[in-house]
Amino acid sequence: MITLVENSITVDEYLYLRNQVGWVRLSDRQAEMALENCLYCVKAVDEAGYILGMGRIVGDGAVISYIQDLVVIPEAQGKGVGSMLINSLVDYVKSITEEHTTMMLCLMCAKGRESFYEKHNFVARPTDNLGPGMIQYIKSI
């Protein structure tokens, strides 16, 4: 049985998950600040309490929110964990969206994962009306 736990991820768990999928290594302080400054986070754990994945919402919580760090360890991928996490993230954003308004919920998708997000009602960019998502990495030397 998989359980979702809200707003309770530790720095060690966050860094562990990032490492499991080969993401860029963060300092402990970066991880701590990322978790402190997100609007919402959720983790998935198995019956033994072993962490399987997590996701975060960042943004202003009024006009725009982003799904950030949606990650599932390789051995738990394809078992519905990611869908449980993304549904929780979307539900959170729906819960904070002011009545009679629209909130933009965005994300940066890992290459090859587009179909996962499309089945959860996200639209790949570019479209006729929306340009491509873009990014810049700022590296301190």
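Residue numbers (my numbering): -14 to 126. All C-beta atoms, glycine included, are put in the ideal place defined by N, C-alpha and C.
Provide the residue span of the alpha helix (DSSP H) that contains residue i, from first to last.
i      : result
Gln15  : Asp13 to Glu21
Ile71  : Val66 to Ile81
Glu103 : Glu99 to Glu103
Residue i: which of the options sits nearest, CA to CA?
i      : options                         : result
Ala47  : Ala109, Gly63 and Lys79         : Lys79
Ser50  : Asn72, Tyr25, Tyr35 and Gly34   : Tyr25
Val75  : Val27, Ser12, Trp8 and Leu11    : Val27
Met119 : Phe107, Ser125, Asn4 and Met93  : Met93
Ile71  : Thr87, Val56, Arg14 and Lys96   : Val56
Ala61  : Thr82, Ile36 and Ile123         : Ile36
Cys23  : Lys124, Ser12, Trp8 and Asn(-8) : Asn(-8)
Lys96  : Thr87, Ala109 and Glu84         : Ala109
Using a threshold of 8 angstroms, state whether the C-beta atoms of residue i and residue j are closer than that.
i        : j        : result
Leu(-11) : Ala29    : yes
Glu32    : Met(-14) : yes
Ile52    : Tyr77    : no
Ala19    : Leu0     : no
Ile58    : Gln5     : yes
Leu2     : Gly34    : no
From what residue to what residue does the beta strand (DSSP E) around residue i run?
i     : result
Asp54 : Ile49 to Val57
Arg3  : Premise fails: Arg3 lies in the alpha helix (DSSP H), Val(-4) to Gln5, not in any beta strand (DSSP E).
Cys94 : Taken as a continuous stretch (DSSP letters only), Cys94 belongs to no beta strand (DSSP E), as it is neither H nor E.
In the DSSP assignment, what are the bridge partners of residue i?
i        : result
Thr(-12) : Val30
Val43    : Tyr51
Residue i and residue j look like a contact to me (Cβ under 8 angstroms); what is the Cβ gap, rounded to whole Å?
i     : j      : result
Gly65 : Phe101 : Contact flag wrong, Cβ pair sits at about 11 angstroms.
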